[in-house]
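Report on one structure; see the data block that follows.
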Amino acid sequence: KKWSHDEHHYFGHVLNHRVSDRGVSIVAGAAAFFSRATLLAAADAFRRMPMENGNLEEDGICRDAYTGTDEVVTAVCLKQYANVTAEPAIDSQGREEVALFDI
73 KKWSHDEHHY FGHVLNHRVS DRGVSIVAGA AAFFSRATLL AAADAFRRMP
123 MENGNLEEDG ICRDAYTGTD EVVTAVCLKQ YANVTAEPAI DSQGREEVAL
173 FDI
């Protein structure tokens, strides 16, 4: 794709089931990929996120949360602080390049 590591890319197997309630698509955790620029943006977002109420479940806000849905927190923070959204990892023919299961 000739992407640069200095461009924002957050990609992998994209799931859209949280768009309706959280406003973001997420990359499934088994194979989430970040360009250098996006990794730096994520680190900045996590540094800036509120840390109080970390004992509460994820609620669609970029903040520390007691949760098993870290993918949602990551996607929300990337969108809020860097306007980065999940991209599917597909080839030039539209085939997914990341498979979570044997095909």
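Anchor point for the sequence shown: position 61 equals 133 in the numbering used here, and the numbering is continuous, going up by one each time. The beta-carbon is built from N, C-alpha and C at its ideal position, and this holds for glycine as well.
The beta carbon of D93 sits closer than 8 Å to those of G132, all from its chain and outside the five residues before and after it, given in chain order. Under the 10 Å beta carbon count, H89 is surrounded by fewer than 16 other beta carbons and is classified as exposed.
Distance from H85 to A100 at the Cβ level is roughly 4 Å; contact confirmed, criterion being Cβ atoms closer than 8 Å. Secondary structure in the stretch 109-163: the alpha helix (DSSP H) runs of 4 residues or longer, each lying completely within the stretch, are 142-154 in chain order. Residue environment for L128: exposed (fewer than 16 other C-beta atoms within 10 angstroms of its C-beta). According to DSSP, G84 shares a beta bridge with A104 and P160.
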